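Residues are numbered in this note's numbering as their position in the sequence shown, beginning at 1, plus a constant of 3. For glycine and all other residues, C-beta sits at the position ideal for the given N, C-alpha and C. All of these numbers come straight from a predicted model, not from anything done at the bench. As structure tokens, the structure follows; a few thoughts come after it.
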Amino acid sequence: LIVLSLMSICVREIYYFGVAYKVEAVIALVTLPLTLVMASDPAVGFSLPVCALAMDVLAAGKIFEPCAEDFERSNSEFLVGGN
């Protein structure tokens, strides 16, 4: 359930801001399911640190984004026009 919740947050970020601006959300979306199979397959052991890094970047980015951008779907206007 936690993985599905995190994946839905990543999908929302990609939908609202676009793939070009939310690359870390795409990386997290790909690596989150791999973390579930990591215990049974050591070949995908890289997915946990990569996923953690992507989620950290996504969370840190949310701190610096203006709150108004979360209410309307568009490409990011962050740092455009002197904001």
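In whole angstroms, give me the CA-to-CA distance for residue i and residue j.
i: arginine 15; j: alanine 31; result: 12 Å
i: alanine 23; j: glycine 64; result: 14 Å
i: asparagine 86; j: leucine 39; result: At asparagine 86, the pLDDT of 44 sits below 50, so the modelled position is not reliable; the number obtained from the coordinates is stated separately. Roughly 40 Å separates the two Cα atoms.
i: glutamate 68; j: tyrosine 19; result: 13 Å
i: alanine 55; j: phenylalanine 49; result: 10 Å
i: methionine 10; j: glycine 21; result: 15 Å
i: isoleucine 5; j: leucine 37; result: 14 Å
i: cysteine 70; j: aspartate 44; result: 40 Å
Would you grab the beta carbon distance between residue i and residue j for me? Rounded to a whole angstrom, and I think it's under 8 Å.
i: alanine 62; j: threonine 34; result: Contact doesn't hold; Cβ gap of about 15 Å is too wide.
i: valine 60; j: glutamate 27; result: 4 Å
Return yes when the Cβ of residue j is within less than 8 Å of the Cβ of residue i, no when it is not.
i: lysine 25; j: isoleucine 12; result: no
Shorter than 8 Å from the beta carbon of residue i to some beta carbon of chain C?
i: valine 33; result: The structure shown contains no chain C; it holds only a single protein chain.
Check your understanding: Which residue spans inside the stretch 25-70 form an unbroken alpha helix (DSSP H) run of at least 4?
Key -> Runs of the alpha helix (DSSP H) inside the stretch 25-70: 26-40, 50-67.
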